[in-house]
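Asks: Using our numbering, the letters of the sequence shown correspond one by one to residues 200 to 706.
Quick reminder that beta carbons are idealized off the backbone N, C-alpha and C, glycines included.
Computed from a prediction, not measured in an experiment: that's the story for all the values here.
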Amino acid sequence: MAAPPSGSYYNEYMRANALLKHGHEQHARRLLTDRGAYISFLEVQLERVSAACLAAQSFEQRVAALETARAVQETQLAALSSVARLSQEFAEQSAEQTQRDVRALDERSAEWTEKLSREVREQHARADAADAQLRRCEDAVQQLAERDAVAQELDDLRALVFALETRLEGMQSSSVDTDKHLAFLKDLVTDRFDKELEIVRTSVSEKCFTMEGKLKRLREELQSLPQELETSWRADLARVQSAQDERACALRDEVERTSEQQARDQSETKGLLRKCLDTQHLLSASVVAIQNEVDEQTQSASPVVSSAIDGLRENQYKLKDALRLLQTCAQQAQQESRDRCRELAERQHAAEDALARLAEESQGQADELASVDAISVARTRTLVTLGEVEQKLRHDADSVAEHAVRSVRVESESHFKQIMEFTSAMENRLRILERGFLRPTTPDHHARPSPEHARREAMLQNRILELEERLHRKAQSEEEHRALFASQRKSELQPPSSSSVAPSSQG
200 MAAPPSGSYY NEYMRANALL KHGHEQHARR LLTDRGAYIS FLEVQLERVS
250 AACLAAQSFE QRVAALETAR AVQETQLAAL SSVARLSQEF AEQSAEQTQR
300 DVRALDERSA EWTEKLSREV REQHARADAA DAQLRRCEDA VQQLAERDAV
350 AQELDDLRAL VFALETRLEG MQSSSVDTDK HLAFLKDLVT DRFDKELEIV
400 RTSVSEKCFT MEGKLKRLRE ELQSLPQELE TSWRADLARV QSAQDERACA
450 LRDEVERTSE QQARDQSETK GLLRKCLDTQ HLLSASVVAI QNEVDEQTQS
500 ASPVVSSAID GLRENQYKLK DALRLLQTCA QQAQQESRDR CRELAERQHA
550 AEDALARLAE ESQGQADELA SVDAISVART RTLVTLGEVE QKLRHDADSV
600 AEHAVRSVRV ESESHFKQIM EFTSAMENRL RILERGFLRP TTPDHHARPS
650 PEHARREAML QNRILELEER LHRKAQSEEE HRALFASQRK SELQPPSSSS
700 VAPSSQG
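1. Compute the Euclidean distance between the alpha carbons of R317 and R307, then round it to the nearest angstrom.
2. Which one of A437, R537 and R669 has the shortest CA to CA distance from Q461?
3. How long is the line joining the alpha carbons of A309 and R320, rounded to whole angstroms?
4. Whose C-alpha, out of A488, E259, A331 and T468, is nearest the C-alpha of R523?
5. To the nearest angstrom, report how far apart E211 and E259 are at their CA atoms.
6. Roughly how many angstroms lie between the CA atoms of R214 and L253, to the nearest whole one?
7. Taking only heavy atoms of the ligand HEM into account, decide whether any of them is closer than 6 Å to the Cβ of Q422.
8. With 16 as the cutoff for other CB atoms within 10 Å, does W311 come out buried or exposed?
9. Let me know the alpha helix (DSSP H) ranges lying completely inside the stretch 222-295, each 4 residues or longer, listed in chain order.
10. At the level of alpha carbons, what is the spacing between T297 and A283?
11. Please return the same chain residues whose Cβ sits closer than 8 Å to the Cβ of V700, not counting the five positions on each side in sequence.
12. Would you kindly work out how many angstroms separate the C-alpha atoms of L265 and S286, rounded to a whole number?
13. Comparing alpha-carbon positions, which option in R541, E246, D376 and R438 lies nearest V454?
14. Return the residue from the list K474, S281 and A339 that minimises the CA-CA distance to H671.
15. Measure the C-alpha to C-alpha separation of T430 and D376 and round it to an integer number of angstroms.
16. Measure the alpha-carbon distance for R433 versus A442 and round it to whole angstroms.
17. Let me know if E364 comes out buried or exposed under the rule of 16 or more other beta-carbons within 10 Å of its beta-carbon.
18. From L471 to D464, what does the alpha carbon distance come to, in whole angstroms?
19. With 16 other CB atoms within 10 Å as the buried threshold, where does S402 fall?
20. Would you report the Cα separation of D559 and E427, rounded to the nearest angstrom?
Quick look at the structure:
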């Protein structure tokens, strides 16, 4: 059997080797040494060897990677086994701890429930005891109230019994006296005095009739006397209340007038303060301007001008201190006057309340009184007390009002005097300063003034006129502010007066 032709040396070589192995030597061909075929054979072998090497190298790399993966897996397995072991131990420990905690909680809950049940039983027992005590206290209070009522009734009955006993004793003493007198008369009277006895009896009977008539008239008068006393007492009470209301209205008017006078004094004080402050500002501005002009015109000032400026500055500092002191004094006086007015209003309200309470008490006492003597005594006591209260209220109100008005007037006058003294001092200082600056300071003042001096005098005159104009404008603005402040003060004072009149009308 002929071998099939092949296209390469390698195929032919492989076929020949196969035939030789199977014993077909006669059919095996002897290969010729072809250089190109051998080179191609070697290349093919080299490619196969290189491919095998690359495959072996890749297998080696894969084996190494598998080894590393296996080592990593083993370490992970060891870690997981340790974690599983630790988790199992922790689970066992946590289960045991949970069981212990559950047992402890059960024990504590049992103890707490037992304790709470005991406390609840104790609280129930205490509540029952408290209810029993409360019932006993209510019974005791009721018994005490009944005892008080009974004691009061017993006292009233004892008083009535005592009065009846005194009357009975008086009647017994009078009856004993009459019995003694009758016995004495019986001993003295004999048969020969029958006519005289008859005459006496007739006179006694007539006197008894007259006494019975007088007694009836007295009873009628006594029956009408409580009404007359009550009407007269009510009339006196109304008269006292009307007098008290009139006095309260007069006091309120006096307080309002005092507050208005105080407001006017305060507004005048504030206006004077504003004037002083404006004058101070103007003086400071004028002093600064004059000092600048003098410094520009002359290198060295004269001793008179320097002393005047120093005195003006010192007076300005004094004026500032006085203004501060005046402001504090005005504030203190305002606060004191407000406190005094408030105290006067409070005392007035307290007096009205006391008068109302006294009237109510007198009314209650008058309603509770049952006898004519008690009514007359209560009426006299009430009238005396009302008179004393009225006199005391009048005296207190007059003293407080006079003291408040006197203190406000004295403080306002003192403040006004201080302000006037400081303003007069400032005017004198300004006048001296004007004379010192307007007149020439050189010894040759009779000589003809230079043009520079005339120009300086004209500038000073213009400056003075400007200051006077500014002062006039300031005075006008102060008058407007004063009128506005007075209207505001009047609007502020109107509500308190209405509120103070309301309680008196209610009382």
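Replies: Once the coordinates are examined:
1. C-alpha separation (whole angstroms): 15 Å.
2. The shortest Cα separation from Q461 among A437, R537 and R669 belongs to R537.
3. Cα to Cα, the separation comes out at about 16 Å.
4. Considering only A488, E259, A331 and T468, the residue with the shortest C-alpha distance to R523 is T468.
5. As the crow flies, the alpha-carbon of E211 is around 34 Å from that of E259.
6. Rounded to whole angstroms, the separation of the alpha carbons of L253 and R214 is 28 Å.
7. Only the bare structure without any ligand can be found here, which leaves the ligand HEM out of the picture.
8. Exposed, since its Cβ has fewer than 16 Cβ neighbours within 10 Å.
9. Runs found: none.
10. Straight through space, the alpha carbons of A283 and T297 are spaced by roughly 20 Å.
11. Low confidence applies to V700: its pLDDT is 38, below 50, so where it sits in the model is not reliable, and the reading given next is rough at best. Sequence-distant Cβ neighbours of V700 in its own chain, meaning closer than 8 Å and more than five residues away, are C448 and R451.
12. Spanning the two alpha carbons is a distance of roughly 30 Å.
13. The residue among R541, E246, D376 and R438 with its C-alpha nearest the C-alpha of V454 is R541.
14. The residue among K474, S281 and A339 with its C-alpha nearest the C-alpha of H671 is K474.
15. The straight-line gap from Cα to Cα measures roughly 42 Å.
16. So the alpha carbons of these two residues sit roughly 14 Å apart.
17. An exposed status is given to E364, since fewer than 16 other beta-carbon atoms sit within 10 Å of its beta-carbon.
18. Each residue's alpha carbon lies about 10 Å from the other.
19. Classification for S402: exposed.
20. For the sequence presented, residue 559 should be read as Glu rather than Asp. Using only the alpha carbons, I get a separation of about 20 Å.
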